[in-house]
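Asks: Counting from 3, one number per residue, gives the positions in the sequence shown under the numbering used here. Even glycine gets a Cβ: it sits at the ideal position worked out from N, Cα and C.
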Amino acid sequence: MAKIQTKLYIVGAGFAGQMIARELTKKKIFGKVAAFIDDDKTLIGTKIDSISVIGPIDTLPSFLSVTAIDEAVIAIPSASVERIKQIHAVLVNCGFLRIKILPSISQVIDGKAHLVQARDINPLDILGRTPVIIPLHESLSYLKGKRVLITGAGGSIGSELSRQLLSGGAERLYLFGHGENSIVNIYRELHVLQQEGVGQKASVVPIIGDMRDKEYMRYIISHTHADVIFHCAAYKHVPMMEENPVAAIENNVFGTKNLLDASIEFGVERFVLISTDKAVAPVSVYGVSKMLCEQMVMQAATTTGEDQRFMFVRFGNVLGSRGSLLPIFMEQIQNGGPVTVTSKEMVRFFMTIPEACSLVLQTGGVGKNAQAYLLDMGEPIKIIELAEQVIRFSGLEPYKDVDISIIGARRGERNYEPLWLEEEKPSPTQYPKLLTLTTIPPKTYELNSLIEQLRPVCSYDAQKPELYRNRDALVTMLRKAVPTLDEFYEQDERPDMASSVKVVL
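#1: Give me whichever residues DSSP pairs with Arg416 in a beta bridge.
#2: Give me, in chain order, the residues of the same chain whose beta-carbon lies closer than 6 Å to that of Ala81; leave out the 5 immediate sequence neighbours on both sides.
#3: What is the DSSP secondary structure of His225, counted as helix, strand or coil?
#4: Quick check on DSSP: helix, strand or coil for Lys466?
#5: Among Phe490, Ala236, Arg311, whose alpha-carbon lies nearest the alpha-carbon of Ser265?
#6: Alpha carbon to alpha carbon, how far is Val255 from Ser286? Give it in angstroms, no decimals.
#7: Taking Met353 as the reference, give the member of Glu252, Leu192, Pro133, Thr27 with the closest Cα.
#8: Contact defined as beta carbons within less than 8 Å: I believe Ala358 pairs with Ile159. What is the distance between those atoms, to the nearest angstrom?
#9: Take the Cβ of Ala91 as the centre, count every other Cβ of all protein chains shown within 10 Å, and call the residue buried at 16 or more, exposed below.
#10: For Val194, does the count of other Cβ atoms within 10 angstroms reach 16, so buried, or fall short, so exposed?
#11: Quick one: what's got a C-beta closer than 6 Å to Leu163's C-beta in the same chain, skipping five residues either side?
#12: For a test of the three-state rule: what should DSSP assign to Gly160, helix, strand or coil?
#13: Using 6 Å as the cut-off, classify the Cβ of Asp40 as near or not near the heavy atoms of the ligand PLP, replying yes or no.
#14: Could you check which residue in Pro434, Thr344, Gly57, Lys402 has the C-alpha nearest to that of Gly380?
#15: Assuming Gln493 is part of the alpha helix (DSSP H), what are its boundary residues?
#16: Rounding to the nearest angstrom, what Cα-Cα distance links Pro458 and Pro467 in this structure?
#17: DSSP three-state call for His180: helix, strand or coil?
#18: Quick check on DSSP: helix, strand or coil for Ser407?
#19: Does the beta-carbon of Ala464 have 16 or more other beta-carbons within 10 angstroms, so that it is buried, or is it exposed?
#20: Quick check: the Cα distance between Glu296 and Cys234, rounded to an integer number of angstroms?
#21: What are the uninterrupted segments assigned as beta strand (DSSP E) that are 3 or more residues long and contained completely in the region 179-210, given in chain order?
#22: Using only alpha-carbon positions, find the residue among Lys28, Pro58, Thr27 that is nearest to Gly14.
#23: Using the three-state DSSP reduction, which class does Asn254 fall into: helix, strand or coil?
#24: Considering Cα atoms alone, identify which of Ile89, Leu145, Pro137 is closest to Asp575.
#25: Buried or exposed for Leu487, going by 16 or more other Cβ atoms inside 10 Å?
#26: Under the DSSP definition of a beta bridge, which residues are partnered with Val122?
#27: Between Val75 and Ala120, how many whole angstroms is the CB-CB distance? I'm expecting something under 8 Å.
#28: For His90, which of helix, strand or coil comes out of DSSP?
#29: Buried or exposed for Ile22, please, with buried defined as at least 16 other CB atoms from any protein chain shown within 10 angstroms of its CB.
#30: Taking the alpha carbon of Val349 as the point to measure from, which residue in Leu388, Ala70, Arg473, Gly179 has its own alpha carbon closest?
#31: Using only alpha-carbon positions, find the residue among Lys427, Asp474, Ile39, Ala483 that is nearest to Asn450.
#32: For Asn260, is the classification buried or exposed, using 16 other Cβ atoms within 10 angstroms of its Cβ as the cut-off for buried?
#33: Please work out which residues of its chain come closer than 8 Å, Cβ to Cβ, to Ala411, disregarding the five sequence neighbours upstream and downstream, and give them in chain order.
#34: Tell whether a beta-carbon distance below 7 Å holds between Pro340 and Ser407.
#35: Are Ile251 and Cys96 close, meaning C-beta to C-beta below 7 Å?
#36: Going by DSSP, what residue range makes up the alpha helix (DSSP H) through Ser141?
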């Protein structure tokens, strides 16, 4: 009995679609390219490389018959989010169960598209606004021949930075992280991308380590001779860090300090900290930790050499990051619901991970020493509306097929996360979606003094043994130093199951 062969339909007969078709034809292992699907009337009815062009796209359901194993690949990198949404609806209406998509035009470098870059379409591709287009081959020219270190390289932001950095012409990419599995995954992925012709040749070096180890960080920075550092590593899940506040400060604050000290000592040329809106008037321990990181970077920038640039980039939520709303919603839908939302009034600013990373990489090139930057996140989105859209993407109806449950905010969460303080006065730059901030020194504490006050909680001090891993003492120090945290705790005082626990590993 003859084996049924998968038929592949490529939506888009332009350069990207044609490159994918040639690659598929050459490899002969992914199935047969059945047709191009396009809206261009001059192409419909013709053939490209012996492959028929059919269309228009919106009329497909009236004449196209597909099977469960057939697959569609959307290969229109310049398409807007709204058009992708329309195309997806048409393909679903046709009966396609397997739909893939190429990344946006900013990720298709120098007119080259590769099958390995295609991935399953997901709600990210049809939610929000159309990302700003940044030509990576131009914005990454400052990295040519450089050694680039990404901390937290296995995380959502770090791994996407790593993918995009393949196109920067860097001599080496150092993938630094604490988690072995996440680092090996991105390490393998980058090698596959390189083997398939994506990006430029660069040595990719995985490094497993802990930035809380001061001497190890000195060793790493001195021996790698890193020119540029993108510092993404952080403990970042707010409710988890409320239960583990010592770990949040130890890793985020003192880990960052170790990295900064080593970077200054060994002449790192550019240091870019990835920050968050939760650092603005923080109401969580995580938010306080990132606020302190921002301030440490600005302080470090005053001690750097003439050829060094230290800066931070702040932005809101990114759609699809590990542990964020989108994958949680998808998992809840797969389990039959309900989808849980903390409050009907909760809103967040969202940006896709690739767009945020492209802007971060651009900032690293154009950014000045001791300058704070903010990504323009557009308008906030109501979380409950996001939940409804994700349910509909899954082919289901909110409140009918899958319920939405309001569970209430947890400690450290608020309905609205501001992106800046009024005094920071965000100003536009010549680059789209990139703003500058006026840096504000702390008003209620002295930075170095507070850090030294926190140190014996995170590192054992024989003179102050009672402070070691003492979460209550830590939170008291932070509440005293940061009025917004204290006010939020006072408003939200509730029995804390872990309040009697002094040791948090």
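Replies: So, from the data block:
#1: For the purposes of this step, residue 416 is taken as the residue at position 414 of the sequence shown. Answer is none; Arg416 lacks a bridge partner.
#2: Within the sequence shown, the letter at position 79 stands for residue 81. Taken in chain order, the list of residues that qualify is empty.
#3: One-based indexing of the sequence shown puts residue 225 at position 223. Helix at His225.
#4: Taking the first residue of the sequence shown as position 1, residue 466 is located at position 464. Residue state, collapsed to three classes: coil.
#5: Your numbering for residue 265 matches position 263 in the sequence shown. Nearest C-alpha to Ser265: Arg311.
#6: Translated into the one-based positions of the sequence shown, residue 286 becomes position 284. Translated into the one-based positions of the sequence shown, residue 255 becomes position 253. So the two alpha carbons sit approximately 14 Å from each other.
#7: Counted from its first residue, the sequence shown places residue 353 at position 351. Nearest option by C-alpha distance: Pro133.
#8: To locate residue 358, count along the sequence shown from 1; it is residue 356. To locate residue 159, count along the sequence shown from 1; it is residue 157. Taking the Cβ atoms as the reference, Ala358 lies roughly 7 Å from Ile159, within the contact range of under 8 Å.
#9: On the sequence shown, position 89 is the one that residue 91 refers to. Ala91 is exposed by the Cβ-count criterion.
#10: The residue given as residue 194 occupies position 192 in the sequence shown. Answer is exposed; the Cβ neighbour count stays below 16.
#11: As a working note, residue 163 is residue 161 in the sequence shown. Closer than 6 Å at Cβ, skipping near neighbours: Ile152, Phe232, Cys359.
#12: One-based indexing of the sequence shown puts residue 160 at position 158. In the structure shown, Gly160 sits in a helix (DSSP, three-state: H, G or I).
#13: In terms of ligand content, the structure shown is empty, and the ligand PLP therefore cannot be addressed.
#14: Counting from 1 along the sequence shown, the entry for residue 380 is found at position 378. The shortest CA-to-CA distance from Gly380 to any of Pro434, Thr344, Gly57, Lys402 is the one to Pro434.
#15: Taking the first residue of the sequence shown as 1, we reach residue 493 at position 491. Where Gln493 is concerned, the enclosing alpha helix (DSSP H) stretches over 485-493.
#16: Within the sequence shown, numbered from 1, the residue matching residue 458 stands at position 456. Within the sequence shown, numbered from 1, the residue matching residue 467 stands at position 465. The alpha-carbon atoms of Pro458 and Pro467 are separated by roughly 8 Å.
#17: As a first step, residue 180 must be located in the sequence shown, where it is residue number 178. In this structure, His180 counts as coil in the three-state DSSP scheme.
#18: Locating residue 407 in the sequence shown gives position 405, counting from the first residue. Looking at Ser407 - three-state DSSP - the assignment turns out to be strand.
#19: For the purposes of this step, residue 464 is taken as the residue at position 462 of the sequence shown. With fewer than 16 Cβ atoms within 10 Å of its Cβ, Ala464 is classed as exposed.
#20: By 1-based counting over the sequence shown, the position of residue 296 is 294. By 1-based counting over the sequence shown, the position of residue 234 is 232. Across the structure, Glu296 and Cys234 are spaced so that their CA atoms are roughly 13 Å apart.
#21: 205-210
#22: The residue you call residue 14 lines up with position 12 of the sequence shown. Considering only alpha carbons, the answer is Pro58.
#23: On the sequence shown, residue 254 is found 252 positions in, with the first residue counted as 1. Asn254: helix per DSSP, three-state reduction.
#24: With the chain covering 3 to 507 only, the question about residue 575 has no answer from this structure.
#25: Looking up residue 487 in the sequence shown gives position 485. Classification of Leu487: buried, given that the 10 Å Cβ count is 16 or more.
#26: Looking up residue 122 in the sequence shown gives position 120. The sequence given here has Asp at residue 122, not Val. Answer by DSSP bridge pairing, in chain order: Lys102.
#27: To locate residue 75, count along the sequence shown from 1; it is residue 73. To locate residue 120, count along the sequence shown from 1; it is residue 118. Contact between Val75 and Ala120 holds: their C-beta atoms lie close to 6 Å from each other, under 8 Å.
#28: The residue labelled residue 90 in the question sits at position 88 within the sequence shown. Three-state result, His90: helix.
#29: The sequence position of residue 22 within the sequence shown is 20, counting from 1. Per the 10 Å Cβ criterion, buried.
#30: The residue given as residue 349 occupies position 347 in the sequence shown. The option with the nearest alpha carbon to Val349 is Leu388.
#31: Position 448 of the sequence shown, counting from 1, holds the residue named residue 450. For Asn450, the nearest C-alpha among the options comes from Ala483.
#32: Indexing the sequence shown from 1 puts residue 260 at position 258. Under this definition Asn260 is a buried residue.
#33: Position 409 of the sequence shown holds residue 411. Contacts found: Thr344, Ser345, Met348, Asn417.
#34: In the sequence shown, counting from the first residue as 1, residue 340 sits at position 338. In the sequence shown, counting from the first residue as 1, residue 407 sits at position 405. Yes, they are a contact pair.
#35: On the sequence shown, position 249 is the one that residue 251 refers to. On the sequence shown, position 94 is the one that residue 96 refers to. In this structure, Cys96 does not lie closer than 7 Å to Ile251 by Cβ.
#36: Counting from one through the sequence shown, the residue named residue 141 turns up at place 139. Residues 138-141.
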